[in-house]
Structures are given as C-alpha cells and as structure tokens.
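Undergrad:
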Amino acid sequence: MDVGTLVARSMRRYRDRIAVEGPEGSMTYGEIGSRIFQLARALKNLGLAEGDRVLDLQSNQNTYIETDLGISSAGLCRVALNYRLHPTDWVRITKDCGAKTLILDAKFWDDAAPVRELVDTIIVIKGDHPGAHNYENFLSKQSSEPLLLAVNPDALVSLNYSSGTTGNPKGAIRTHRNRLASLGNIVTDIFGRTLNENDCWVHAGPVTHTSGLFVLPFFTFGAKQIVQAKFEPEALVEAIQHRGANATALVPTMVARLLAMEDMNREKMANLKMLGYAGAPMPADQIRQCYDRITPHMVQYYGLVEAIPPVTVLSARDHERGLLEDPEILTSAGNPCTTVEIRIVDENGNDVPQGEIGEVITRGDHVMRGYYGAAGSDPTVTKAVRDGWLHTGDLGRLDPDNRLFLVDRKGDMIISGGYNIYPREIEEVIAEVDDVLEVAVMGVHDQEWGQRVVAMVTLKPSASAAGDHLVNKVLDHCKSRMATYKKPKEVLIVDSFPLNSTGKIAKKVLKQQLEARNPK
Numbered sequence: 129m130d131v132g133t134l135v136a137r138s139m140r141r142y143r144d145r146i147a148v149e150g151p152e153g154s155m156t157y158g159e160i161g162s163r164i165f166q167l168a169r170a171l172k173n174l175g176l177a178e179g180d181r182v183l184d185l186q187s188n189q190n191t192y193i194e195t196d197l198g199i200s201s202a203g204l205c206r207v208a209l210n211y212r213l214h215p216t217d218w219v220r221i222t223k224d225c226g227a228k229t230l231i232l233d234a235k236f237w238d239d240a241a242p243v244r245e246l247v248d249t250i251i252v253i254k255g256d257h258p259g260a261h262n263y264e265n266f267l268s269k270q271s272s273e274p275l276l277l278a279v280n281p282d283a284l285v286s287l288n289y290s291s292g293t294t295g296n297p298k299g300a301i302r303t304h305r306n307r308l309a310s311l312g313n314i315v316t317d318i319f320g321r322t323l324n325e326n327d328c329w330v331h332a333g334p335v336t337h338t339s340g341l342f343v344l345p346f347f348t349f350g351a352k353q354i355v356q357a358k359f360e361p362e363a364l365v366e367a368i369q370h371r372g373a374n375a376t377a378l379v380p381t382m383v384a385r386l387l388a389m390e391d392m393n394r395e396k397m398a399n400l401k402m403l404g405y406a407g408a409p410m411p412a413d414q415i416r417q418c419y420d421r422i423t424p425h426m427v428q429y430y431g432l433v434e435a436i437p438p439v440t441v442l443s444a445r446d447h448e449r450g451l452l453e454d455p456e457i458l459t460s461a462g463n464p465c466t467t468v469e470i471r472i473v474d475e476n477g478n479d480v481p482q483g484e485i486g487e488v489i490t491r492g493d494h495v496m497r498g499y500y501g502a503a504g505s506d507p508t509v510t511k512a513v514r515d516g517w518l519h520t521g522d523l524g525r526l527d528p529d530n531r532l533f534l535v536d537r538k539g540d541m542i543i544s545g546g547y548n549i550y551p552r553e554i555e556e557v558i559a560e561v562d563d564v565l566e567v568a569v570m571g572v573h574d575q576e577w578g579q580r581v582v583a584m585v586t587l588k589p590s591a592s593a594a595g596d597h598l599v600n601k602v603l604d605h606c607k608s609r610m611a612t613y614k615k616p617k618e619v620l621i622v623d624s625f626p627l628n629s630t631g632k633i634a635k636k637v638l639k640q641q642l643e644a645r646n647p648k
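Per our numbering, the sequence shown runs over residues 129 to 648.
1) Would you say the stretch 469-476 touches the stretch 523-532, given that touching needs at least three Cβ pairs under 8 Å?
2) For Pro464, which three-state DSSP category applies?
3) Buried or exposed for Pro507, please, with buried defined as at least 16 other CB atoms from any protein chain shown within 10 angstroms of its CB.
4) Going along the chain, which unbroken runs of the beta strand (DSSP E) with 3 or more residues stay wholly within the stretch 323-396?
5) Can you name the start and end residues of the alpha helix (DSSP H) that Glu264 belongs to?
6) If you pair each beta-carbon of the stretch 342-353 with each one of the stretch 487-505, do three or more pairs fall below 8 Å?
7) Determine the closest residue to Pro281 out of Met129, Ser443, Met397 and Ser608, with distance taken between C-alpha atoms.
8) In angstroms, rounded to a whole number, what distance separates the CA positions of Glu484 and Arg537?
9) Tell me, please, which residues DSSP counts as bridged to Glu618.
10) Could you name the residues of the same chain whose beta carbon sits closer than 8 Å to that of Val557, not counting the 5 residues immediately before and after it, in chain order?
11) Where do the ends of the alpha helix (DSSP H) carrying Glu643 lie?
12) If you run the structure through DSSP and keep just helix, strand and coil, what is Glu566?
13) What is the DSSP secondary structure of Val243, reduced to helix, strand or coil?
14) Which of helix, strand or coil does DSSP assign to Phe658?
15) Any idea which residues DSSP pairs Leu526 with across the strands?
16) Here's a check: name, in chain order, each residue in its chain whose Cβ is nearer than 7 Å to the Cβ of Glu152, leaving out the five neighbours to either side.
17) Secondary structure at Glu555, three-state DSSP: helix, strand or coil?
18) Quick one, which of Ala583, Asp413 and Asn262 has its alpha-carbon nearest Ile231's?
19) Assign Tyr500 to one of three DSSP states: helix, strand, or coil.
20) Quickly, what does DSSP pair Cys205 with across the bridge? List them, please.
21) Hey, how far is the Cα of Leu356 from the Cα of Leu185?
22) Roughly how many whole angstroms lie between the Cα atoms of Asp180 and Leu204?
23) Which same chain residues end up closer than 7 Å to Ala170 when comparing Cβ atoms and leaving out the 5 residues on each side of it in sequence?
24) Considering only C-alpha positions, which residue in the set Ile160, Asn313, Ala594 and Pro297 is nearest to Cys225?
25) If you run the structure through DSSP and keep just helix, strand and coil, what is Arg143?
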C-alpha cells in the first residue's frame with residue numbers, strides 16, 4: 129500500500145464530501161483529489177524519477193494538502209521547508225537533499241532567492257515570475273485521473289529534517305510504510321476508533337509540524353480538515369463552536385494562550401472530542417487547568433523526526449486517572465502504540481532493570497530507514513539505528529504498567545559535582561510555582577562543580593511576585609521538593625523565550641547566551 133492508492137480511493141469514495149476548508153475556501157474530495165493528481169502528473173512530466181526530491185515551501189493554506197499528497201502520489205520525495213527556519217537553513221537542506229524542483233508560495237519568493245539559485249524548476253503558488261511555472265497553469269493542462277503507480281512501500285515519501293537545535297539539520301528518510309504506520313497508530317491509539325464524515329480536524333498550528341501528521345488519516349477516512357493561516361486562539365474557538373471542528377493538536381505554548389482567554393470554559397469547547405498535545409512536556413498544573421477549563425478529552429503523544437509519531441500515547445482515560453487518582457501518571461509519555469516496541473537500555477545496549485533510567489530505543493514500521501545526505505555518511509550519526517532499533521537519545525524509564533517516563537535528552541543532562549541531574553525533573557517542580565508561566569533549566573560551566581544548574585522563567589500576566597521575591601519563592605519551593613544538589617544555583621526572570629522552528633524553547637540559544645555571559 130502507498131499514499132497515492134489511499135488518495136485515489138478517498139477521491140472516488142467520498143467525492144461529494146467537503147475535504148478541506150481554508151483561507152482559499154472549501155473543496156470536496158472530488159475537487160481536491162483531481163488537483164492532487166493533476167499535480168502528480170505535472171511533476172512526473174518534468175522527467176522526475178521515483179524518489180527524486182521536491183522542495184515545498186509554504187505556510188498553512190489549502191495547497192499544502194495538495195502538495196503533501198500530490199508529491200507522494202507521484203512516487204516522489206517531499207522535502208518540506210519549514211517557513212520559520214532561516215533561509216540559510218533552507219539552503220543547507222537544499223544542498224543536502226539534492227532537490228532540483230521547488231514549489232513555493234509567492235510571498236517567500238524574495239527570501240528564497242538563494243534556494244532558487246540551486247534548483248532547475250520553480251513552481252509558484254499565487255504568483256507569476258519570469259522563469260517559473262504558475263502553479264494553477266502547471267496543473268491545468270493535466271488529466272485528473274489517478275496515477276496508480278504501485279509504489280514500493282519502502283520507497284522514500286519524505287525527508288524530514290530536524291530543527292537543528294543540536295547541530296545542523298539531519299534528514300530522516302521516511303517511507304510510505306512509515307507514513308502508513310503512523311496512520312494506523314493515530315487511528316488505533318490516539319482516537320481508538322475509525323474516523324468518519326462527522327470528524328473534523330483543525331490545523332491550528334503549522335502543518336509542517338505535528339499537525340501535518342493528521343492530513344493523511346483524515347483524508348483516508350473521508351473526514352474534513354480546516355486549515356487556519358496561523359494560530360489564533362479566537363479563530364480556533366470559532367472553528368470548534370461553529371464550523372464542526374472536533375479535534376486538533378497543539379504545543380503547550382498554544383494551550384497556555386487558550387487558557388489566558390478570560391472567558392475560556394468547557395461549554396465553549398463542548399464539541400472538542402480530542403485535544404492532542406506534543407512537542408514538549410506540559411506541567412501538571414497546566415494539564416489540570418486544561419481539563420477543568422477546556423476539555424477532558426486530552427491525549428499526549430510522543431515521537432521523533434526519526435520515529436514518526438505517535439510512538440507512545442497517554443490516553444484521555446490516563447489523564448483522568450492521573451488527575452483523580454495518581455498524579456504521577458501525568459508525568460508519563462504513555463504506553464507504546466499497538467505496533468511499537470520500546471526498550472530501556474544502558475550504554476552497552478543491555479536492558480536495564482524495570483524502573484531504572486536508561487536510553488529509550490524503539491523498533492517498528494514507524495522507524496526511519498536511515499539518514500540522507502551528509503548525515504547518512506557520518507558513522508557517528510548512522511549508528512542511531514542498530515539491528516532495527518532506533519537509539520533515540522532520550523533518557524527514560526518504564527513503570528510496571530509499561531508506561532514510558534521521559535527524563536531528558538542525553539545531551540541535556542547536567543553533571544554537577546559528579547551527580548547526574550535531569551533538567552526536566554527540575555522544570556516540572558518549578559512549573560508548580562503559581563506565578564511561573566514557562567521554565568527552562570540548563571547546565572552552564574562552573575569552575576568548582578563542572579556545571580551548575582541555572583533556571584530561567586517567564587511570568588504569568590497575573591503574577592503576584594517578581595524580582596528577588598519570585599526568585600526566593602522558586603528556590604524555597606525547590607528546596608521543599610528536591611535534593612540540595614539539584615536545586616538551581618541561579619534563577620533568572622526573562623520577558624520571553626526564543627523558540628525554535630517547531631515552537632519549542634530554543635535551549636541551545638539560551639545556553640549560548642548564558643555561556644557568553646560566564647565564559648570558561
């Protein structure tokens with residue numbers, strides 16, 4: 129099975145249903161399916177061969193669904209350029225993947241100038257430029273009949289590049305098999321049922337990130353998708369109240385913006401049947417607020433660029449149990465999905481005793497085929513997959529119910545005075561302080577201890593404490609909840625955090641700033 133076969137099936141089976149609503153209006157399955165296969169045929173007519181890379185640079189709009197499914201249906205490999213990255217990152221990715229074809233929104237024309245110089249063919253959405261194909265004209269001359277190519281399940285479907293927070297972006301090879309594995313795990317483990325015409329997904333955040341995982345599942349089962357140009361809490365609420373949206377996925381910073389709405393309540397969000405969150409851990413206090421004021425139907429899922437999500441799922445029932453019976457459950461990433469294997473191993477690859485901390489490794493059809501380009505020839509990187517097991521670089525433990533508890537990234541672990549300290553553990557404690565909105569904990573160089581723990585926090589608009597009083601409040605709370613060696617040696621209050629392209633706090637940037645302030 130491949131993506132194009134699923135798209136053709138839905139195009140015919142659900143021809144008259146609304147498939148997509150977005151800034152450009154709405155389209156039925158018949159209409160968007162026709163455009164998907166017109167794009168696929170047009171790309172093939174350029175002389176592109178199976179597996180050739182096609183760059184795709186656009187923000188949230190209807191055409192994102194078309195290019196996502198159209199490039200795959202042509203048996204080609206899509207390389208989505210996150211519009212939030214810097215153009216130098218786009219150039220680095222373009223050179224690494226060797227793409228010769230670029231589809232881009234006209235609004236990125238100028239910024240993408242250095243990328244345009246590296247490709248042979250440019251297709252422009254919503255624009256006309258000399259030497260480039262107009263997207264609509266590019267499609268119009270083609271037949272809309274499905275291309276039934278019977279693509280090998282292990283053929284490239286996309287190259288997904290890491291955000292580059294730990295070095296240059298690395299291109300993970302995802303296959304049709306990987307994407308279909310994600311589809312199955314979404315339906316089985318996130319929703320626990322087959323999707324149908326009454327389901328409606330709203331792409332509230334960037335489709336290049338976690339929301340894009342849900343494009344194919346919702347298309348496969350004839351459900352509707354609403355594409356919003358950018359995340360706006362009011363627009364999301366309106367889609368849920370009045371446009372039939374009943375499912376979405378957010379990162380914790382988006383949830384915080386919803387909770388900041390004074391009139392937010394469950395009644396407004398009554399139609400919401402699944403609120404997924406991923407990308408970063410959400411503090412227990414924020415989970416409780418979300419449960420009380422937004423929806424009880426929360427689902428957390430964990431995954432990686434190298435292991436297409438979901439890998440584990442913390443179900444809505446687990447959230448309820450965590451809030452009503454066992455708070456520790458809320459700090460878990462959940463149980464492995466139905467077709468996913470997980471182990472916790474030591475430095476030698478041996479399983480550690482249950483409950484002990486080690487590296488999380490995983491095996492299954494969700495695991496990438498390997499790295500492409502420069503990373504694919506780097507022996508220190510290619511060792512990430514050994515004997516079919518992906519070594520994630522995440523540290524964690526398993527409880528008796530086989531729930532995964534993520535402790536931290538191996539590279540983020542702080543070693544101070546010979547002790548191993550995990551920033552996430554400290555962040556969860558500091559997040560309990562009423563006035564704290566967000567927190568980031570890092571280790572910085574220290575002459576005496578090797579590294580010392582530094583916490584940086586932003587404050588809620590309603591914060592009653594600030595300055596030295598807030599710092600003391602945080603330190604006193606840490607003292608009451610953790611060993612002395614884990615306590616931050618310094619607490620800094622900042623106005624905001626820099627974010628990377630996926631909406632996570634850019635700890636690498638923060639650490640560089642701290643190290644520059646305190647050179648070795």
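Yeah, the Cβ is synthetic: ideal placement off N, Cα and C, and Gly gets one too.
Nothing here was measured: the structure is a model prediction, and the numbers come from that model.
TA: Reading it off the structure:
1) yes
2) Counting from one through the sequence shown, the residue named residue 464 turns up at place 336. In the structure shown, Pro464 sits in a strand (DSSP, three-state: E or B).
3) If you number the sequence shown from 1, residue 507 lands on position 379. Classification of Pro507: exposed, given that the 10 Å Cβ count is below 16.
4) 328-331, 352-355 and 375-378
5) As a first step, residue 264 must be located in the sequence shown, where it is residue number 136. From DSSP, the alpha helix (DSSP H) with Glu264 extends over Tyr263 to Ser268.
6) no
7) Translated into positions along the sequence shown, residue 281 becomes position 153. Residue Met129 is the option with its Cα nearest to Pro281.
8) As a working note, residue 484 is residue 356 in the sequence shown. As a working note, residue 537 is residue 409 in the sequence shown. Cα to Cα, Glu484 sits roughly 16 Å from Arg537.
9) Numbered from 1 along the sequence shown, position 490 holds the residue referred to as residue 618. According to DSSP, Glu618 bridges with Val582.
10) Taking the sequence shown and counting its residues from 1, the one referred to as residue 557 is at position 429. Contacts found: His605, Cys606, Arg609 and Met610.
11) To locate residue 643, count along the sequence shown from 1; it is residue 515. Lys635 to Arg645 is the span of the alpha helix (DSSP H), which, as asked, contains Glu643.
12) Mapped onto the sequence shown, residue 566 falls at position 438. The answer is strand: DSSP assigns Glu566 an E or B state.
13) Sequence index remark: in the sequence shown, residue 243 carries index 115 (1-based). Of the three classes helix, strand and coil, the one that applies to Val243 here is helix, per DSSP.
14) Because the chain is modelled from 129 through 648, residue 658 falls outside the range shown and cannot be assessed.
15) Within the sequence shown, numbered from 1, the residue matching residue 526 stands at position 398. For Leu526, which the question treats as bridged, DSSP gives the partners Leu532.
16) In the sequence shown, the residue the question calls residue 152 occupies position 24. Gln189 and Asn190, listed in sequence order.
17) As a first step, residue 555 is located in the sequence shown; it is residue number 427 there, counting from the start. Residue state, collapsed to three classes: helix.
18) One-based indexing of the sequence shown puts residue 231 at position 103. Among Ala583, Asp413 and Asn262, the Cα nearest to that of Ile231 is on Asn262.
19) As a first step, residue 500 is located in the sequence shown; it is residue number 372 there, counting from the start. In the structure shown, Tyr500 sits in coil (DSSP, three-state: anything other than H, G, I, E or B).
20) For the purposes of this step, residue 205 is taken as residue 77 along the sequence shown, with counting starting at 1. Bridge partners of Cys205: Arg181.
21) In the sequence shown, residue 356 corresponds to position 228, counting from 1. In the sequence shown, residue 185 corresponds to position 57, counting from 1. The sequence as given places Gln at residue 356; Leu does not occur at that position. Cα-Cα distance, rounded: 17 Å.
22) Taking the first residue of the sequence shown as position 1, residue 180 is located at position 52. Taking the first residue of the sequence shown as position 1, residue 204 is located at position 76. Straight-line Cα distance between these residues: approximately 5 Å.
23) As a position in the sequence shown, residue 170 is number 42, starting the count at 1. Cβ neighbours of Ala170 beyond the five flanking positions: Phe266, Leu267 and Gln270.
24) Stepping through the sequence shown from its first residue, residue 225 is reached at position 97. Cys225 has its Cα closest to that of Pro297, out of Ile160, Asn313, Ala594 and Pro297.
25) Taking the sequence shown and counting its residues from 1, one reaches residue 143 at position 15. Correct three-state label for Arg143: coil.
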